[in-house]
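A short worksheet on the structure shown next.
Number of protein chains: 4
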Amino acid sequence: MAAALTHNAYGKSQVRLTRVTRHADRHDLKELSVAIQLEGDFARSYLDGDNRQVIATDTMKNTVYVLAKTLGVTDIESFGLALARHFLQEYPQVTRAAIELDEQLWQRIHPHAFVGGGGEMRSGVVTGTREACRVESGLSGLLVLKTADSAFAGFVRDRYTTLPETSDRIFATMVTAAWTYASKSADWDACHRLIRSTLLDAFAAHKSLGVQQTLFAMGEAALAACPHIDEIRLEMPNKHRILVNLQPFGLDNANEVFVATDEPFGLISGTVRRA
Amino acid sequence: MAAALTHNAYGKSQVRLTRVTRHADRHDLKELSVAIQLEGDFARSYLDGDNRQVIATDTMKNTVYVLAKTLGVTDIESFGLALARHFLQEYPQVTRAAIELDEQLWQRIHPHAFVGGGGEMRSGVVTGTREACRVESGLSGLLVLKTADSAFAGFVRDRYTTLPETSDRIFATMVTAAWTYASKSADWDACHRLIRSTLLDAFAAHKSLGVQQTLFAMGEAALAACPHIDEIRLEMPNKHRILVNLQPFGLDNANEVFVATDEPFGLISGTVRRA
Amino acid sequence: MAAALTHNAYGKSQVRLTRVTRHADRHDLKELSVAIQLEGDFARSYLDGDNRQVIATDTMKNTVYVLAKTLGVTDIESFGLALARHFLQEYPQVTRAAIELDEQLWQRIHPHAFVGGGGEMRSGVVTGTREACRVESGLSGLLVLKTADSAFAGFVRDRYTTLPETSDRIFATMVTAAWTYASKSADWDACHRLIRSTLLDAFAAHKSLGVQQTLFAMGEAALAACPHIDEIRLEMPNKHRILVNLQPFGLDNANEVFVATDEPFGLISGTVRRA
Amino acid sequence: MAAALTHNAYGKSQVRLTRVTRHADRHDLKELSVAIQLEGDFARSYLDGDNRQVIATDTMKNTVYVLAKTLGVTDIESFGLALARHFLQEYPQVTRAAIELDEQLWQRIHPHAFVGGGGEMRSGVVTGTREACRVESGLSGLLVLKTADSAFAGFVRDRYTTLPETSDRIFATMVTAAWTYASKSADWDACHRLIRSTLLDAFAAHKSLGVQQTLFAMGEAALAACPHIDEIRLEMPNKHRILVNLQPFGLDNANEVFVATDEPFGLISGTVRRA
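Heads up: the protein sequence lines correspond to chains V, Y, G and A, in order.
Residue numbering for the first sequence follows the numbering used here, beginning at 1 and increasing consecutively.
Residue numbering for the second sequence follows the numbering used here, beginning at 1001 and increasing consecutively.
Residue numbering for the third sequence follows the numbering used here, beginning at 2001 and increasing consecutively.
Residue numbering for the fourth sequence follows the numbering used here, beginning at 3001 and increasing consecutively.
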């Protein structure tokens, strides 16, 4: 039997980097987790165990720390671009480098002390080839909930349907968003702040007829707010809060008492592009 | 052979409650996870399968929702007290009720929309018997980090020791704190806010010679700030940030580039009491 | 500004199903988690909140239970095919249904009692359109480790490289594998058993010069063993066991004492196809 | 204000150890996670930052690896005893050493290859003072399920009760067990195997009238089987499988289709002692 290797990639994941920049009056702090995946002329390592083209994943890890030292980390997008370009320039056998970066957020409470920003991550993916680099920025773990202006009605009713219609439910979700930039460079930090606050505002203000509609409204608002991006992808799991039935106890439940459930959950996604 | 049942307890864990209070101009939101454990005259259910004294754990869950509706949830301490008293009053076979409550924190972004507060929890344990109820309040998941004013030196050096002394390291920890109140009632919310901010300030300002010393300083500050509590217990895992060795690359590392590691980790605890 | 919806999909995730088949002399047990994603004519729900085409994700959940009752669950592949076909046949607005199924494994210890099979999952993805259905089967969470016959040497050495070469290391990984069937139907259970045991044997017997080479050898062996499949994709994180340096304590470490680390980790993937 | 330190302890957690013993014809493998907590004369480090009595937690970690090399790891109990005694003998300031050990289980598939044993852990706690050492052994993560011989009826019915009685339900739990030995030494491995298999057999064979009753029956059986232990503590969360209501779809559900839920869950514990 003959077998062929039709695709391959490898790299280092969860390279955790803490970078402190020590100013006279304050310290700045960046904490990231970096994942690197390389593609290129690596087939011989799979087929024959010939590792001569292989950059050890340990070397990739070292490179993250060396570049963090020499270049600093101002934002994940610039640092990701530097890493992608490094692997392409240093190693002719690499044809494609994908750098994923997740930044854990910290809030300053003191010139050199910080409190953790919770589960939300700022994220980025830089994908580079010898022809071009593509920057995708985003966020994940942004937990939001609204207690009004959320309905769900008018959907298909058939013999498999038991869900009642509702004009007033809790809408909770953990937003994952990723957007691509039209230009090669932008003020990554300012764009991120603007898009994040736009997503929050749109979520809060929207009169929702369904998760799908709110998702599109959020994406549309982000495109309108930030001219530097041309596409945004949103994923919004429906983190259900289910009304507790208090009738067995002779009590009304006027949308006051709910149970949060983690599973099963609805999962809604959509991509919105500037038309 | 004869076997005796020397201890028993049972209850319901992870009862998740979302309680919305609907004011004309805004909604208030509380989200908790409640765990109930009862002790009392339940041995026959273990020994003979005689369940006549057994309050089903499903009934405990129902009770959480019924009391949430009828009493509301102003703070976890009051709600925990109400639950403990309910089980003791309603069921003569119960001699001890322990109610653990963890509150997920939300920040308001709109009159009826909220953004998640991250991994930090406000926590409480109410332990009631027919004689007395005891309220313990606390917090967990409070992630803090400082990039200066942290040393560790002068410890035992022997043939098992390889750790170098340091006068300047990153100090990161996830604080768990629990305190007990001297009085039966207090302004639970105000005390919690005060103690939390005092712990943060003490962490940030302390010139640390070791995690142990900072832990004591934080506990001491909390007792000084809040006269209603007489004891505080702190647990502070050392969430190590390890200096990356950049010498193989011909680079200095002036406390700028670190790797975060999750394991192994130092774990330091202490209880501080008003003397 | 104009914004266009360029992609959308939605569905229900983590629908947990326990299916008992009650024979006179024994019970059979299947436990799965099912995720459903539908694509089709759903744009109006995003753009206008018009939900008339929307099948509620709650209805999808109900459907899982109804089909589990009426059809039974013999294997995840057949059940996934039934679900995919159901959504395509029942709802003209659906153009594509993707059904992911993860089966938790149980070992029988008694005619109607079972012990959990650990973290390994049997997995499948059925993707159906009106033209065709595609069955992908696989496994995840298969943790394996070998203490001999694993080397890693001859890789690129440059100024970023510090990893020493080794002729004898521990090789531990958690295998994720997914394969596609050449034919529309097969004895799914028999194929799964055969491929799983072939992957284990190949891992154990291989004289590894690197994770890449072992991955290819495992894929090649699976294709050789099972003529019904024509492609297999493998993902093998390198779950590092790092030799502890005992020299500071005057001790040799002849590959006897290691520390397991979870991060960072090498991540190697490859797709092997019948040539 | 005066504040006193009323309790303190510190140590290293999640020290992960892989120990290979290399025989001519096969390799043996042990993988553990060790947590060490020391108590003693450490108050000055808390009160004054005086670390002269402090054994760095990094040194504790080193000690695990040194003892693993010099003594080997035959079973977690012996290794835990060696560690506890080491800290007490080496450091006069230590008055109490608690060593927790969790062993990840591996199954041999080859003279030097292994497959992971899943989520079940073999566990032990050795607590030593200058006067005595106490060995507690146990297991955790033992997932079991039975589809027959499980009822729950006759419990308290009041205005808070909605749970129906049942004579036939699924009983699933994840057993945590811990037992103490009457003697200072025993064949730890043989005892563990015997107690584990006795617990499994008792679970499978028991005609259960409630989780409480099965818990006691399992404990009683373990004490009867192994004369070396005099007490066993069991904790058994009720991992609910809830019957799906298929009446809306015109279908009966004769205990065939269930949904597994993770929360809320009943939690039952008990301690059984030789009378």
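Where a beta carbon is used, it is the ideal one built from N, C-alpha and C, also for glycine.
Here the structure is a predicted model, which is why all the values come from computation and not from measurement.
Kindly identify the DSSP beta-bridge partner or partners of residue i.
| i | result |
| --- | --- |
| residue 1155 of chain Y | Looking at the DSSP assignment, residue 1155 of chain Y forms no beta bridge with any residue, so it has no partner. |
| residue 3236 of chain A | A/3268 |
| residue 113 of chain V | V/110, Y/1146 |
| residue 2221 of chain G | Paired residue(s): none; residue 2221 of chain G is not in a bridge. |
| residue 1007 of chain Y | A/3271 |
| residue 130 of chain V | Residue 130 of chain V pairs with nothing; no bridge assigned. |
| residue 3122 of chain A | A/3103, A/3139 |
| residue 231 of chain V | V/180, V/273 |
Kindly list, in the order they appear in chain Y, the residues whose Cβ is closer than 7 Å to that of residue i.
| i | result |
| --- | --- |
| residue 209 of chain V | What residue 209 of chain V touches in chain Y: nothing, since even the nearest Cβ is about 16 Å away. |
For residue i and residue j, which I take to be in contact (beta-carbon distance under 8 Å), what is that distance rounded to the nearest angstrom?
| i | j | result |
| --- | --- | --- |
| residue 208 of chain V | residue 179 of chain V | Not really, about 22 Å apart at Cβ, beyond 8 Å. |
| residue 2042 of chain G | residue 2093 of chain G | 7 Å |
| residue 3072 of chain A | residue 3019 of chain A | 7 Å |
| residue 2142 of chain G | residue 2175 of chain G | 4 Å |
| residue 1051 of chain Y | residue 3153 of chain A | 7 Å |
| residue 2256 of chain G | residue 3069 of chain A | 6 Å |
| residue 3101 of chain A | residue 3118 of chain A | Between residue 3118 of chain A and residue 3101 of chain A the Cβ distance is about 18 Å, and since that is not below 8 Å, they are no contact. |
| residue 2241 of chain G | residue 3259 of chain A | Between residue 3259 of chain A and residue 2241 of chain G the Cβ distance is about 39 Å, and since that is not below 8 Å, they are no contact. |
| residue 2038 of chain G | residue 2005 of chain G | Residue 2038 of chain G to residue 2005 of chain G, Cβ: 15 Å. No contact. |
| residue 99 of chain V | residue 84 of chain V | 5 Å |
| residue 2003 of chain G | residue 77 of chain V | Going by Cβ atoms, the distance from residue 2003 of chain G to residue 77 of chain V rounds to 23 Å, so no, they are not a contact pair. |
| residue 1230 of chain Y | residue 1182 of chain Y | 4 Å |
| residue 1239 of chain Y | residue 1265 of chain Y | 6 Å |
| residue 97 of chain V | residue 36 of chain V | 7 Å |
| residue 2121 of chain G | residue 2104 of chain G | 7 Å |
| residue 59 of chain V | residue 2160 of chain G | 5 Å |
By the criterion of Cβ-Cβ separation under 8 Å, what are the contact partners of residue i in chain V?
| i | result |
| --- | --- |
| residue 1106 of chain Y | 145 |
| residue 3249 of chain A | 159, 160 |
| residue 2089 of chain G | Per Cβ cutoff of 8 Å: no residues; residue 2089 of chain G is ~13 Å from chain V at best. |
| residue 2013 of chain G | 237, 263, 264, 265, 266, 267 |
Which bits of chain A does residue i rub up against, with CB to CB less than 9 Å?
| i | result |
| --- | --- |
| residue 1062 of chain Y | 3160, 3161, 3162, 3163 |
Grab the span of the beta strand (DSSP E) containing residue i for me, first residue to last.
| i | result |
| --- | --- |
| residue 1261 of chain Y | From DSSP, residue 1261 of chain Y is part of no beta strand (DSSP E); its letter is neither H nor E. |
| residue 1101 of chain Y | 1094-1110 |
| residue 3243 of chain A | 3241-3243 |
| residue 2249 of chain G | Neither: residue 2249 of chain G is in no beta strand (DSSP E) and is coded neither H nor E. |
Determine the chain G residues that contact residue i at a beta-carbon separation under 9 Å, and present them in chain order.
| i | result |
| --- | --- |
| residue 16 of chain V | 2263, 2264 |
What in chain A is Cβ-close to residue i, meaning under 7 Å?
| i | result |
| --- | --- |
| residue 2109 of chain G | 3200, 3204 |
| residue 1978 of chain G | With chain G covering only 2001 through 2275, there is no way to say anything about residue 1978 of chain G. |
| residue 1270 of chain Y | 3005, 3007, 3008, 3046 |
Closer than 7 Å by beta-carbon distance: list the chain G residues that pair up with residue i, in chain order.
| i | result |
| --- | --- |
| residue 3153 of chain A | Under the 7 Å cutoff, chain G gives no residues; its nearest Cβ is about 19 Å from residue 3153 of chain A. |
| residue 215 of chain V | 2046 |
| residue 103 of chain V | Chain G residues near residue 103 of chain V: none, gap ~16 Å exceeds 7 Å. |
| residue 3019 of chain A | 2256, 2257 |
Listing by chain order, which chain Y residues have their CB less than 9 Å from the CB of residue i?
| i | result |
| --- | --- |
| residue 3052 of chain A | 1154, 1155, 1156 |
| residue 3059 of chain A | 1155, 1156, 1157, 1158, 1160, 1161, 1162, 1163 |
| residue 112 of chain V | 1146, 1147, 1148, 1149, 1204 |
List, in order along the chain, the chain Y residues whose C-beta lies closer than 8 Å to that of residue i?
| i | result |
| --- | --- |
| residue 27 of chain V | 1147, 1148 |
- Message: Suppose only complete runs of 4+ residues qualify. What are the alpha helix (DSSP H) ranges in the stretch 132-216 of chain V, listed by chain order?
- Response: 188-205
- Message: So within the stretch 1009-1076 of chain Y, which uninterrupted beta strand (DSSP E) runs reach at least 3 residues, ignoring any that extend past its ends?
- Response: 1027-1040
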